[in-house]
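Enquirer:
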Amino acid sequence: ALARSGGAGIERLRAPQLGAALIAVLSGGYLGQAMHGDTVTRMQQVRMAGAAFALLAGAIQVVAAVMARRATSQGPVVISQRVAAGLLAVTAVCMVVARYA
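Numbering (the working numbering), first residue to last: 2 to 102.
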């Protein structure tokens with residue numbers, strides 16, 4: 002949403018966005034460990050790649066939050082949100098493909 006809106010409202014959505022990312026990472030880690038333990042299959046490898054893309058997207062969004070406080074224009078923030086959106090799309094593809102790996 003932030004990538005499409007030109008960064009409008011990023012100040013209000015920063016905390017909920019980062020909070021949702023934190024909850025997703027913690028719950029995903031817990032569920033992965035609880036359901037699969039130490040087993041590493043091709044499915045798990047694809048899911049781990051998706052998780053890595055999601056973590057990278059989260060890191061980019063944290064950097065964007067810091068940049069938003071210092072920047073006078075929203076240009077770099079919008080670009081970072083678009084990059085993060087692309088990475089999250091790759092994450093979604095990994096989650097779908099993992100079932101068939």
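Positions of the beta carbon are idealized from the N, C-alpha and C atoms, including for glycine.
#1: Less than 8 Å between CB atoms is the rule here; does Q62 satisfy it with respect to chain C?
#2: Report the rounded CA-to-CA distance for G20 versus M68, giving the unit in angstroms.
#3: Identify whether R100 lies in helix, strand or coil by the three-state DSSP scheme.
#4: With a Cβ-Cβ cutoff of 8 Å, do F54 and V91 count as a contact?
#5: Is A22 closer than 8 Å to G59 when the C-beta atoms are compared?
Expert: From the atom records:
#1: No chain C is present in this structure, which holds just one protein chain.
#2: In the sequence shown, the residue the question calls residue 20 occupies position 19. In the sequence shown, the residue the question calls residue 68 occupies position 67. Distance between the alpha carbons of G20 and M68: 18 Å.
#3: In the sequence shown, the residue the question calls residue 100 occupies position 99. The answer is coil: DSSP assigns R100 none of H, G, I, E or B.
#4: Within the sequence shown, the letter at position 53 stands for residue 54. Within the sequence shown, the letter at position 90 stands for residue 91. Yes.
#5: Residue 59 sits at position 58 when you count from the first residue of the sequence shown. Residue 22 sits at position 21 when you count from the first residue of the sequence shown. Result yes, Cβ atoms of G59 and A22 sit closer than 8 Å.
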